[in-house]
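Here the sequence shown is numbered in my numbering, starting from 294 and rising by one per residue.
Have a look at the structure below, then the notes.
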Amino acid sequence: MKTILVTGGAGFIGSNFVYYELKKYKDLRVVCLDSLTYAGNLETLKEAMANPNFRFVKGDITDRKAVYSLFEEEKFDFVVNFAAESHVDRSIDEPEVFLKTNILGTQVLLDAAKKFGNIRYHQVSTDEVYGDLPLNRPDLFFTEETPIHTSSPYSASKASADLLVMAYYRTYGLPVTISRCSNNYGPYHFPEKLIPLMIANALAEKSLPVYGDGKNVRDWLYVEDHCKAIDMILENGRVGEVYNIGGHNEKTNLEVVKTVLRILGKSESLISFVKDRPGHDMRYAIDPTKIRNELGWYPETSFDEGIEKTVKWFLENKPWWENIINGEYVKYYEKMYSKR
Ligand code: NAD
Ligand code: TYD
C-alpha cells in the first residue's frame, strides 16, 4: 500500500483532494498534516476520519522536528503540498506569516523529502505567480514559459516557493512537479473568498462588496477538476516540469456576483462598489495546452454547472459556514470591510 502526505488537507482544496484520493484509490493511505490555522477545519474532514485509510496529524509544516519525525514514521511515497496562507487581502495586511509558511514551510518539506528519499514531491502553486494580463489583450494567456512577475506578498511567497522547488530538482535531483492553477470554487471554500463571501452575504441580505469597478477577470475552475489534474500529474507528469491548470472560464467579478444573485433569486441592488485592493491584478487566464496534450486533462465541469452545484452545496451545508462566519471571522470582516 502506498502512502501520500497531503499538507493543508483541512483547507478548501486540500480537503477536496483528500476526498478525491480516498474515493479513487482503495489501496492508498492518505495522511493529512495541517496546523489548523483560521482556514483549517476538522469538521471538513469528518467523513474522512471514518475511513481506515486516512490519518489526520495536527502539525505545522515549518516545524522541522515534527515534520522529520512524521516522515520517519510514515515512509511517504508522495507528498502534495497544499499548506499555505492563501488570501491575497490578508497578505497585504500582514505579509510575514505568508513568507514563513509558504516559503520556509515548503523548504522544510523539500528537505524532508530529500532526507528520507524515494519521495515524489508535488507543489501546489498558483497562476498568480505570473502576475496579471491587460484587459485589452484577450489573445494573451499564461503559459508555463510566461515569466514570473508577482504583485502581492501572497503571490511573491508562492513564486519563491516554486523557485526553491525547482532548485531542489536541479541541485539535488529531487523528483518534483509544480502545478499552477487558476481560481478554484466549490464545496468547503472558505467564506473570505469572493464566491462564498457573496453567497453568505446575499443570503443575509447584506451588501456585496465588489472591489473597484468589478471588471477584474478571473479564470474559474471547479475544485474537483483541479484535484483530477494533480492526481494525473502525480501519476504521469514528467519530473522537473511545471503544469498550468485552467479551463478557459474567464469571468469578470461583476459577472460572477450577478450569477450568484440570479441563482439565489436576490436583487442586484445588494451590490456595493468599494475601495479597490491595492495592486489588484486585472486578469488571469491560463493556457492549459501542455497538461491537455501531455496528460489528457480537461475540465469536466462548466462554470454554469459548477456554480449551480456550489450554491446548492452552500445552501445545504449552512452549519459548516455559519460556524465560521459567526466566530473569529466577525473581527476579520469588520477590519477588512467596515471602513472600505
Ligand atoms: P486554504 O486557505 O483554504 O487552506 C490552507 C490550509 O493550509 C488550511 O487548512 C490551513 O490550516 C493549512 N495551513 C496553513 N498554514 C499551515 C502550516 N504552517 N502548516 C500546516 N498547515 C497549514 O487554501 P486553499 O484555497 O485550499 O489553497 C490550497 C493551496 O492551493 C495553496 O497552496 C494555494 O496557494 C493554492 N491555490 C489556491 C487556489 C484557490 O483558488 N484557492 C488557486 C490556485 C492555487
Ligand atoms: P479572491 O477570491 O480573494 O481570489 P484572488 O484574489 O486570489 O483572485 O478574489 C477574487 C476576485 O474577487 C479578485 O479580483 C478580488 C475580488 N473580490 C471582491 O471584489 N470583493 C471581495 O470581497 C473579495 C474577497 C474579492
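C-beta atoms are modelled at their ideal positions from N, C-alpha and C, and glycine is treated no differently.
How many Å lie between residue i and residue j at the Cα?
i	j	result
Lys634	Val510	Nothing about residue 634 can be reported from this structure: the residues present for the chain run from 294 to 633 only.
Tyr481	Ser444	27 Å
Ser328	Ala449	22 Å
Asn537	Val401	24 Å
Gly424	Tyr478	20 Å
Leu490	Pro484	5 Å
Asp320	Leu514	28 Å
Phe596	Val553	12 Å
Tyr414	Lys393	20 Å
Tyr331	Phe305	12 Å
Trp613	Gly466	42 Å
Val634	Tyr313	Nothing about residue 634 can be reported from this structure: the residues present for the chain run from 294 to 633 only.
Ile564	Glu627	18 Å
Ile471	Glu593	21 Å
Ile556	Asn411	48 Å
Asn619	Ala460	43 Å
Phe647	Ile523	This structure does not reach residue 647, given that the chain is present from 294 up to 633, and the question cannot be answered.
Please name the residue, chosen from the options, that lies closest to residue i on a Cα-to-Cα basis.
i	options	result
Phe375	Met294, Pro427, Cys325 and Phe364	Cys325
Glu367	Asp353, Ala332 and Ala406	Ala406
Gly572	Ile385, Asn309 and Gly307	Ile385
Glu534	Trp614, Arg463, Ala377 and Gly301	Arg463
Glu438	Tyr626, Trp590 and Lys583	Lys583
Phe369	Asn344, Lys295 and Ala341	Lys295
Ala359	Asp404, Val532, Tyr625 and Leu428	Asp404
Asn610	Leu426, Val532, Ala493 and Glu528	Ala493
Glu498	Leu457, Leu487 and Glu561	Glu561
Pro427	Leu456, Glu621, Lys508 and Lys551	Lys508
Using only the heavy atoms of the ligand GDP, determine whether one of them is closer than 6 Å to the beta carbon of residue i.
i	result
Asp425	This structure lacks the ligand GDP; its bound ligands are the ligand NAD and the ligand TYD.
Does DSSP put residue i in a helix, a strand or coil?
i	result
Thr545	strand
Phe369	coil
Asn429	coil
Lys351	strand
Asp580	coil
Ile555	The sequence shown places Arg at residue 555, rather than the Ile named in the question. Arg555 falls in the helix class under three-state DSSP.
Val567	strand
Ser362	helix
Glu598	helix
Ile447	According to the sequence provided, residue 447 is Tyr. The question's Ile does not apply to it. DSSP places Tyr447 in helix when its eight states are reduced to three.
Ile471	strand
Pro484	coil
Val532	coil
Pro592	coil
His380	coil
Thr603	helix
Ser418	strand
Lys408	helix
When you compare the CB of residue i with every CB in chain C, is at least one pair closer than 7 Å?
i	result
Asn344	Among the chains of the structure shown, chain C does not appear; only one protein chain is present.
If you check the beta carbons only, do residue i and residue j fall under 7 Å apart?
i	j	result
Val604	Asn546	no
Ala454	Thr419	no
Thr337	Ala303	yes
Phe364	Phe409	yes
Gly539	Ser475	yes
Asn309	Val549	no
Phe258	Ile297	Residue 258 lies beyond the range of the chain shown here (294 to 633); nothing can be said about it.
Tyr577	Arg585	no
Asp512	Ile579	yes
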